[in-house]
Amino acid sequence: MNSWIRRWILLAGWLCASAAVHALTPSQAYEMAVGDSDARIQAMGKALESGDAAASRLLQAMADDAVKVSGEQVWIVRDGQALDAVTGQIAQMPEDAQEIMLNNRLRAEIDAALATLRLFSPDVGQRAAAALSLLKDPDPSRAIVLRKALTSESTESVQSLLKAAVAAIELQNPQVPTRLSAVQSLSGLPRPEVLLLLNQRLSDEQDASVQLALKQAIRQVQDGLKWGERLGIVFSGLSLGSILMLVALGLAITYGLMGVINMAHGELMMIGAYATYLVQILFRQYWPAAFDYYLIAAIPVSFVASALVGAALERAVLRHLYGRPLETLLATWGISLMLMQAVRSFFGAQNVGVENPGWMSGSLDVLSNLQLPWNRILILCFSLMVLITVALLIGRTRLGLFVRGVTQNRPMASCMGVNTARIDTYAFALGSGIAGMAGCALSQIGNVGPDLGQSYIVDSFMVVVLGGVGQLAGTVYAALGLGLLNKLLEGWAGAVLAKIAVLVFIIIFIQKRPQGIFAMKGRSAEA
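In this text, residue positions in the sequence shown follow the working numbering: the first is 2, and each later residue adds one.
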C-alpha cells in the first residue's frame, strides 16, 4: 500500500473520529465569519481541531474572499452559485448578504490553518511547503496535528521539516529540559528560518544553560549556511559576468576590428530590448496562446533590428571617420543621444514592461538558503551559446577569415582582394546585432527604458580593454573575472566601494600591462 494512501487512511480515521463529536454547526460557522478577531481565531482553532470537511471548505473560501453573511447564516459564493457553508448544498442566498471583513491578523491565521490541513496532502511539495510555513510561524495549538502528520510521513525531507516545526513549538515550553532538547534538534538543520527562530528565542531566554545551548546552535546553523552563501556569491558573480560578456562581445568585435570607440553601443542594446518589447505586444495581441514562446521569436528580431541600425550607422557616418578616434567618439556619443531621444518620442520617457515567459519564472532550489532564478540561469546559458556561435563564426567561416585578416593587416588584406569596406560594414552589423541580443537578454532581468544602455557602456569598455582589444578569449576572462571580483568585494565593502576598487584594479593592471590580458597580434601590435 502506498504511503500516501496510508496517510489519507490515518487522516480519514482521525477526521471521522473527531467529526463524529465536533461537526461544524451553523453557530460555529457564524463565529468564524463575524465578530472580533480573538473570538474568530478561537472559533477557527476549534473548527480545525474538529477536522470537519465543512470547516476546511469554509476556511478556504474565507482565504479566497468568497464568503458572505446574511443574518446568522454563512454562505460560500463560487462561480456565481451560493452554497450553504455548513451543508455545502446550493441554496438561494438573500439579496442583503454582505461580504465578511478580514484583517491581516485573521488572514495570517487562516493561512496557518490551511497549511496545517495541507500536511496530509498526497503531494510531497504541498506537505513540505505546509511544514515550512508552520516552522516559520510556530503555534502551540498546531502541535497535536504536527505530531499526527509526523507519524504518517515517509518522505525524509518532509520529516525533517516536521520535526523542526515541532521543536520550534517546544522552544516556547516552560520546562528547561524540553527547551534544551528542542535547541539540540534545531541545531542540525541549517536553514535561515531556524536561524531566525533561534535568535529570537535567545533574546527572550532567561535560563543560562539554554542560552549557552542556543549560542552553540546558532554557530552550528551559521556554519551550515556558509556554503549556500558562498555558492550564492559565486553564482551572482557568474551571472553578472555573463551579462558583461554578452554586452562587451559585440563591442570587442567593432572596437577590435576598426578601432572605433562606439559610444552608441549601449543604445544598440536598447534597440534590441525595445524590439523584444514590440514582439511581446504582437504575441499578446495576435497569438496569446503562444505567448510563452515570444522570447524565442524576439531573439532574431532584436539581432536584425540592431544589426540594421549598426550597418546604417557605419555606412553613413563611421566610414568617413576611420583613423580619427576622438571624432568617432564624439560622433557616436551624439548619435547615442539622438537614438535615446527617438525612443523617448516613440515610446515615452517611462520604462516599459517586458514579462518573463512562464518557463523563465521561479527559481531552482539548490540549498535551503540558495535559490537560483531561472531567468539568470537561462541568460548564463544563452551567453555561452552566443559566445560559442561567435567563436565558430570568427574561427571557422569565410567571413571570419576576412575579419581576422582585416583586423591583423588591413593593407595586406586589401591587396589580397578582400573588400575591406564591406567587411567593416558586416563586422559592425555583427557587433551591433550581438548588442541587440544582449538587450533582449537584459529585458528579462531589469527595466527597459531609454537609459538602458548607459548603465553598461562604461563596464563593457573596461571589459574589452582589460581582456585585450579584439580578443574574444580576453573578453570572456575579463567579464567573468570582473563579475566575480565585483560580487566578492560587494559582500565585504558594499556596492559603491566595490565599484571603486574594481576601477582602481583595472587602472593598475592597464598601467602594468597596456595590451590587456591577451596581446593583439598583427598590424595593431606592431603599430
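We put the beta carbon where it would ideally sit given N, CA and C, even for glycine. Keep in mind the model is a prediction, meaning the values are calculated, not measured.
Within a Cβ cutoff of 8 Å, which residues of the same chain sit near residue i, ignoring the five residues on either side of it in sequence?
i, result
"residue 103", "63, 66, 111"
"residue 84", "76, 77, 78, 90, 91, 92"
"residue 181", "210, 211, 214"
"residue 88", "55"
Apply the 10 Å Cβ neighbour rule to residue i and answer buried if 16 or more other Cβ atoms are within range, or exposed otherwise.
i, result
"residue 441", "buried"
"residue 188", "buried"
"residue 505", "exposed"
"residue 403", "buried"
"residue 295", "buried"
"residue 69", "buried"
"residue 449", "buried"
"residue 367", "exposed"
"residue 353", "buried"
"residue 434", "buried"
"residue 238", "buried"
"residue 338", "exposed"
"residue 400", "exposed"
"residue 285", "exposed"
"residue 487", "buried"
"residue 135", "buried"
"residue 221", "buried"
"residue 186", "buried"
"residue 200", "exposed"
"residue 496", "exposed"
"residue 341", "buried"
"residue 491", "buried"
"residue 420", "exposed"
"residue 315", "buried"
"residue 297", "exposed"
"residue 324", "exposed"
My assumption, with CB atoms under 8 Å, is that residue i sits in contact with residue j. Please give the rounded CB distance.
i, j, result
"residue 44", "residue 25", "Incorrect: roughly 10 Å between the Cβ atoms, too far for contact."
"residue 159", "residue 114", "With a Cβ gap of about 19 Å, residue 159 and residue 114 do not count as contacting."
"residue 436", "residue 242", "Actually they do not touch by this definition, with Cβ atoms about 17 Å apart."
"residue 318", "residue 332", "6 Å"
"residue 426", "residue 312", "6 Å"
"residue 473", "residue 392", "6 Å"
"residue 445", "residue 380", "7 Å"
"residue 236", "residue 373", "6 Å"
"residue 162", "residue 133", "6 Å"
"residue 155", "residue 118", "Their Cβ separation, rounded to whole angstroms, is 19 Å, which puts residue 155 and residue 118 out of contact at 8 Å."
"residue 244", "residue 120", "42 Å between Cβ atoms; not a contact."
Only counting the same chain, and skipping five residues up and downstream in sequence, which positions put a Cβ closer than 7 Å to that of residue i?
i, result
"residue 518", "467, 468, 469, 475, 478, 479"
"residue 424", "403, 404, 407"
"residue 516", "469"
"residue 148", "167"
"residue 513", "none"
"residue 206", "212, 215"
"residue 223", "196"
"residue 38", "104, 106, 107"
"residue 345", "451"
"residue 32", "40, 41, 44"
"residue 17", "Residue placement at residue 17 is flagged as unreliable, the pLDDT there being 45, under the threshold of 50; a coordinate-derived value is accordingly withheld."
"residue 494", "502"
Using a Cβ-Cβ cut-off of 6 Å (strictly less than) and excluding sequence neighbours within five positions of residue i, which residues of its own chain qualify?
i, result
"residue 262", "326, 329, 330"
"residue 255", "261, 263, 429, 432"
"residue 461", "248, 249, 252"
"residue 226", "191, 370"
"residue 179", "171"
"residue 308", "430, 433, 434"
"residue 203", "215"
Is there a Cβ from chain E that is less than 8 Å from the Cβ of residue i?
i, result
"residue 478", "The structure shown contains no chain E, having only a single protein chain."
At a cut-off of 7 Å, would you count residue i as near the ligand SAH, judging by its Cβ distance to the nearest heavy atom?
i, result
"residue 332", "Only the bare structure without any ligand can be found here, which leaves the ligand SAH out of the picture."
Taking only runs that begin and end inside the segment 17 to 92, name each unbroken alpha helix (DSSP H) of 4 or more residues, in chain order.
27 to 34, 38 to 51, 54 to 64
How do the segment 260 to 275 and the segment 445 to 461 stand: do at least 3 beta-carbon pairs fall below 8 Å, yes or no?
yes
Indicate whether the contact test is met: 3 or more Cβ pairs, each with one atom in the segment 388 to 406 and one in the segment 192 to 211, closer than 8 Å.
no
Between the segment 135 to 153 and the segment 165 to 183, can you find at least three pairs of beta-carbon atoms closer than 8 Å?
yes
Given 8 Å, three or more beta-carbon pairs between the segment 412 to 419 and the segment 245 to 252:
no
What residue ranges within the segment 151 to 184 form continuous beta strand (DSSP E) runs of no fewer than 3 residues, ordered along the chain?
none
Indicate whether the contact test is met: 3 or more Cβ pairs, each with one atom in the segment 230 to 237 and one in the segment 188 to 204, closer than 8 Å.
no
Could you say if the segment 345 to 361 and the segment 281 to 298 meet the contact criterion of at least three C-beta pairs nearer than 8 Å?
yes
Sequence ranges, beta strand (DSSP E) only - wholly within the segment 426 to 464, length at least 3
none
At which residue ranges does the segment 96 to 120 contain complete beta strand (DSSP E) runs of 3 or more residues, listed in the order of the chain?
none
Uninterrupted alpha helix (DSSP H) stretches inside the segment 189 to 220 (no shorter than 4 residues):
193 to 205
At 3 residues or longer, what runs of the beta strand (DSSP E) sit wholly inside the segment 491 to 516?
none
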